[in-house]
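Q: Take a look at the following structure, please.
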């Protein structure tokens, strides 16, 4: 390859002083003289600031006057400055991907401030390696793919409906697929929502009405998504509806499948009669509790924060306090005691509700999970961990606060759309802190209790948030990706083993049947160029543009001298 | 930050304040004061040569006053934009003294001492308030003796001490030890100076100061003025040198903090200050304890709290992991008082509510998990925008429209709305963006329609 064309390669090397950031610690003159001795280098220039307007003009001028066909800038980090240098090459008529950056600031002058000679030698090594790679660079073209202007929302609970409305209000078409016969999700089973004590059914109904009336939203109830093919911008989904199968094109997917409540069979004498869950308690509160019930004991963390389900389900404490307040609202004389491990009343509104409940006479008893409460006929025995005493509390009724569980089929749905679930079966977002509503796979988004138990405020906020994230590709109308991605460089070598497909974190590879047998196919727009596939492929069939085997070999050889 | 700085659709007006907001949803006119940086944004490359040369040293707010910066500065190394700023309160030139070193140093010619505040007006369809919060000042809790006791720090100060780019390079050097070492260095300089002065005499008279003083004391030199001066200098030097050696000896015994205590709900869930729960502090204490343990595997941490509220995704598991693998002990109880024991070691008095006993325990360092206080400027800002605040001065919203303020077209996200952690803030930022974009979409599509008619 380029080795025999080396006469044609003319590399320009620009070495940045970065004021004194680099020049203060490295021998710049030595670097300049050294760069001139490197193979294929036709031009070397040192600049006070290569990134300044003057510096950029020097690069452009040199490309023209010196007939450069490769540019190397030795300066700071590509994270901040590569886009600028690339586009400058482009403006001067050079393909932007015939540019290579060497970081002699972060990797040399900054970390070797006290070792001028060694720092300078390391900078020489890095420049030599960059020049060796630059000689082998190939021009690339950015990849563009259109985005079909329609979103699929899986799940018609409050979070999914909120997401759908937000997108539809921006003018995008939305399809909601709901498994149950009607929209509304868990809100349909709830009474009032804390801390504002909003009527759940009213909220559900008004939202359902807005969704149903919206000209941009199509709803399929009693339906399931059975297949999703494609990638960001170009998905095709199979939907099984009561009136038959449908196939729709779409650009993005939002997962809003919610969660279900743990049923505590065999725990604390659960019988769905006198000993019930908070979810079962909601309709009873709505209808009005039997006036003969004068004492209620609630037990927190039933089936949660244990070995089987180590997580805290976040919303059960606030649910218990809210329902306790509603009991008191109906009959202030009813005794309500909440047995807890930690009261998870985080934030402003919850803690306020917690304080209010104490003022209204709701009592709290701390229990030790090693000595759990015992539900008896008419009472609950509990060891009060703070008083160090056993107590017997009268209990006409016992309400168990059980955690939200991930959907039984979340794993299946995840596989369908090629997104992961976590150890507890909840969908695993792209980054737990910085990308809470995205997946690593582009074009798929997440909100509500499908992600993790969420209260009404959080479910709505996340619905809006997921819509916001999903609207980015929709509003752009196309996805443009850097061409530094995986390519099947050697089709014959690929045996279609699928190892790369299994390891790709972005769902960017698939196996296709071709005339030559099973071969891998790279979905250009989904690929992030991480290189896992190329590193894994034992046939060396896959490679990464601008990080090809021969380019990296050349760098290593240049380093080893 | 980098993405914000680089995004073609984002105009970043840093170091600026909103002066006035007029108009309504879809058509706001916002007047913004762009404060003078005394540095030209278009010219400054952020190289930092100016701050290297600036002679004025100021306590560094970014490092919580634990380190120093110069009068010309950027808030922190990765700050966006990287444009430097002259602090007019401390700059010598701006305070009528002769200096201008930064202007001479700057090769980009970006320093401009004559720069004035500029007022700009922008038209926007919607507004998002993301003004954040303030760290509660724990010196208001007299029984914790923050500021009186050097080794009682806030969580955010501790964050800087843990940071590799912080004032201690990530070593858990105790503030009392650092202060002592600074004193030692100061004295060291004095001793060195005195030594040099003595050396001159020694060279001049060809005798060592200690030999000389013996003779001088026995009256060998009569009333030789120069010799008297030498003797005087040496008499001054002796005690200084002695205390320097003693201090060096003491400092050689210093080690990094190994026994840490984290005090939860400092200013939160406290009727005297903020009755609400700040939500994120339990987790940052656990995180800081885990990181401290990563820095030094012999580090032990005790977290004193009423409830440990590990309610987010993976949080409870993280809490348990901290207990099992990072030497964290969780104690249920509220800390009553922090006093000082030997070696500036803080002593914590608390009730262990599970054992129903009042106990005292000594630590190397105490970290206060301070409350999320509504930011001071929010009252003024909310007044300009006309949005309602709740009784604590967070921006008022309702659970079913979580990012809408009382003014249509004005939205809120993050801790300006209520205390929240990073994932929640990030999610809520997207929520606010969705609502703001909805308004902008309707406004502009209607405008288009009007044009089409």
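Residue numbers (our numbering), protein chains in the order written: chain A, 116 to 676; chain B, 108 to 560.
All residues carry an ideal CB built from backbone N, CA and C; glycine is no exception.
#1: Check whether the Cβ of residue 567/A lies closer than 8 Å to any Cβ atom in chain B.
#2: From the DSSP output, read off the bridge partner residues of residue 129/B.
#3: Which bits of chain B does residue 313/A rub up against, with CB to CB less than 8 Å?
#4: Suppose you measure from the CA of residue 656/A to the CA of residue 649/A; what does that come to, to the nearest Å?
#5: Report yes or no: do the region 353-367 of chain B and the region 335-343 of chain B share at least 3 C-beta pairs separated by less than 8 Å?
#6: In angstroms, rounded to a whole number, what distance separates the CA positions of residue 542/A and residue 497/B?
#7: Going by beta carbon distance, what residues of the same chain come within less than 6 Å of residue 329/A, once the five residues before and after it are set aside?
#8: What are the boundary residues of the beta strand (DSSP E) that includes residue 518/B?
#9: Name the DSSP beta bridge partners of residue 619/A, please?
#10: Check this for me: beta carbons of residue 434/B and residue 400/B, under 8 Å apart or not?
#11: Looking at the structure shown, is residue 659/A part of a helix, part of a strand, or coil, going by DSSP?
#12: Have a look at residue 547/A and residue 275/A and give me their C-alpha separation to the nearest angstrom.
#13: Is the region 480-496 of chain A in contact with the region 510-530 of chain A, if contact means three or more CB pairs nearer than 8 Å?
#14: Identify which residue in 592/A, 355/A, 612/A has its Cα closest to the Cα of residue 349/A.
#15: Note down, in chain order, all residues in the region 416-433 of chain B with a beta-carbon under 8 Å from any beta-carbon belonging to chain A.
#16: Counting C-beta neighbours from all protein chains within 10 Å, is the total for residue 385/B 16 or more, i.e. buried, or is it exposed?
#17: Use the C-beta contact count for residue 216/A: other C-beta atoms within 10 angstroms, 16 or more gives buried, fewer gives exposed.
#18: Compute the Euclidean distance between the alpha carbons of residue 549/A and residue 293/A, then round it to the nearest angstrom.
#19: In three-state DSSP terms, what is residue 509/B?
#20: Using the Cα positions of residue 290/B and residue 212/B, report the straight-line distance between them to the nearest angstrom.
#21: I'd like to know if residue 131/A contacts chain B, where contact means its C-beta is closer than 8 Å to some C-beta of that chain.
#22: Taking only runs that begin and end inside the region 384-429 of chain A, name each unbroken beta strand (DSSP E) of 3 or more residues, in chain order.
#23: By Cβ distance below 6 Å, which residues in the same chain neighbour residue 333/A in space, the five residues on each side in sequence not counted?
#24: Runs of 3 residues minimum, wholly inside the region 211-282 of chain A: which ones carry the beta strand (DSSP E) assignment?
#25: Using a cut-off of 7 Å between C-beta atoms, extract the partners of residue 680/A located in chain B.
#26: Do residue 146/B and residue 105/B count as a contact pair if the criterion is CB distance below 8 Å?
#27: Apart from the five residues just before and just after residue 528/A, which ones in its own chain have a Cβ nearer than 8 Å to its Cβ?
#28: Quick one: what's residue 624/A bridged to in DSSP?
#29: If you follow the beta strand (DSSP E) that residue 364/A is part of, which residue opens it and which one closes it?
#30: At the 8 Å Cβ level, is residue 238/B part of the contact set with chain A, yes or no?
#31: State the CB to CB distance for the pair residue 181/B and residue 191/B, rounded to an integer number of angstroms; the pair is presumed to be in contact (CB under 8 Å).
#32: Consult DSSP for residue 291/B and reduce its assignment to one of helix, strand or coil.
#33: For residue 171/B, is the classification buried or exposed, using 16 other Cβ atoms within 10 angstroms of its Cβ as the cut-off for buried?
#34: Where does residue 431/A sit, in a helix, a strand or coil, going by DSSP?
#35: With distance defined between alpha-carbon atoms, name the residue in 234/A, 506/A, 590/A, 468/A nearest to residue 220/A.
#36: Pick out the complete beta strand (DSSP E) segments inside the region 431-459 of chain A, 3 residues or longer, and give them in chain order.
A: Short version:
#1: yes
#2: 136/B
#3: 506, 507
#4: 8 Å
#5: no
#6: 34 Å
#7: 283
#8: 517-519
#9: DSSP, once it has assigned bridges, lists no residue as partnering residue 619/A.
#10: yes
#11: strand
#12: 20 Å
#13: yes
#14: 592/A
#15: 416, 417, 418, 419, 420, 421, 422, 423, 424, 427
#16: buried
#17: buried
#18: 29 Å
#19: coil
#20: 32 Å
#21: no
#22: 390-392, 410-414
#23: 290
#24: 214-218, 258-261, 265-269
#25: Outside the displayed span of chain A (116 to 676) sits residue 680/A, for which this structure offers no information.
#26: Residue 105/B lies beyond the residue range present for chain B, which begins at 108 and ends at 560; the question has no answer from this structure.
#27: 269, 340, 370, 372, 522
#28: 637/A
#29: 359-365
#30: no
#31: 5 Å
#32: helix
#33: buried
#34: helix
#35: 234/A
#36: 450-455
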